[in-house]
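Take a look at the structure below.
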Amino acid sequence: MAKERKFDFAPLPIVSDINDDIEVNSSQTESNGVPTKVTFDCDYALLEKMKDYGYWEGLTQKDIILEALTRYFDDAEIRPRPDKIRNKTKVGRKPKALVG
Numbered sequence: 000m001a002k003e004r005k006f007d008f009a010p011l012p013i014v015s016d017i018n019d020d021i022e023v024n025s026s027q028t029e030s031n032g033v034p035t036k037v038t039f040d041c042d043y044a045l046l047e048k049m050k051d052y053g054y055w056e057g058l059t060q061k062d063i064i065l066e067a068l069t070r071y072f073d074d075a076e077i078r079p080r081p082d083k084i085r086n087k088t089k090v091g092r093k094p095k096a097l098v099g
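Quick note: the sequence shown uses numbering that gives the first Met the number 0, first residue 0, plus one each step.
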């Protein structure tokens, strides 16, 4: 007797199908872009204010930061980076030169 499945799972998409769906446009600034994780240092007092505000307003830290950034950049005139910098593939520090 065959074991009955409790759940039906949809097949995973093929990687090439996903890549076709993603518009490759490095200058995309729309809010529906692909989410990116960001990590940064924050002053402790500012973090505590954010936690207190989030508690009383029912917001997450993420919600507060995204709203603050959106408001900050709404009225700002922002020039795009040069293509040479924007399309840079390597990120991070330059490797140390080998002495020898």
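Think of the CB as a built atom: it goes at the ideal place given N, C-alpha and C, for glycine as much as any other residue.
Keep in mind it's a predicted model, so treat the numbers as computed, not measured.
Taking 8 Å as the cut-off, the beta carbon of ILE63 is found closer than this to the beta carbon of TYR52. Between PRO79 and ARG70, the C-beta gap is not smaller than 8 Å, which leaves the two residues out of contact.
A direct Cα-Cα distance of roughly 53 Å separates ILE77 from LYS5. THR38 and LEU58 have their C-alpha atoms some 19 Å from each other.
Boundaries of the alpha helix (DSSP H) harbouring ALA44: 43-56, taken from the DSSP string. For the options ALA44, ASP74, LYS61 and LYS48, the alpha carbon positioned closest to that of LYS36 is the one of LYS61.
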